[in-house]
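Take 340 as the starting number for the first sequence in the numbering used here and just add one per residue.
Where is the CB? At the ideal position from N, CA and C, for every residue including glycine.
Computed from a predicted structure; not experimentally measured.
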Amino acid sequence: MPTEAFIQAVHQTVKKIPKGKVTTYGQIAYMINHPKNARLVGNVLHRINPKLNLPCHRVVNHSGRLVPGWNEQQALLQKEGVLFKSNGNVDLRRYFWQG
DNA sequence: CTGGTGACGGAAT
DNA sequence: GATTCCGCCACCA
Numbered sequence: 340m341p342t343e344a345f346i347q348a349v350h351q352t353v354k355k356i357p358k359g360k361v362t363t364y365g366q367i368a369y370m371i372n373h374p375k376n377a378r379l380v381g382n383v384l385h386r387i388n389p390k391l392n393l394p395c396h397r398v399v400n401h402s403g404r405l406v407p408g409w410n411e412q413q414a415l416l417q418k419e420g421v422l423f424k425s426n427g428n429v430d431l432r433r434y435f436w437q438g
């Protein structure tokens, strides 16, 4: 699968994440039929074009850990009603979204 | 071209 | 839980 299509697929999927929920890079990779490319999903979101207004703050890694160095992310999620664990991670058991 | 890297994940220990 | 490995692949020096 070409990179361009991969990027589009990621965008499409991220756009569907409901407010107040989160998902993982691996889950997105799985949903777009690239189960082994979680890492690329991370890359795509890392360099995402802000103009697209995609809710990329709703994507965390498989531990529920937020993006390193992006503090605003926690605030954005809190505004949507997401509560955090004492270690600052998302509680995936409660907020995980799988389409 | 080549090797290192990373908003990752899974399996083994 | 915590480490430690390995596979994955676009990107960049």
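- Beta bridge pairing from DSSP links Val429 with Phe423.
- Secondary structure note for Arg378: its alpha helix (DSSP H) is the uninterrupted segment Ala377 to His385.
- Looking at the backbone, the Cα of Ser425 and that of Met370 are separated by about 30 angstroms.
- Annotation: Gln413 to Leu405 spans about 7 angstroms, alpha carbon to alpha carbon.
- Per the C-alpha coordinates, the member of Ile356, Lys360 and Lys354 positioned closest to Val429 is Lys360.
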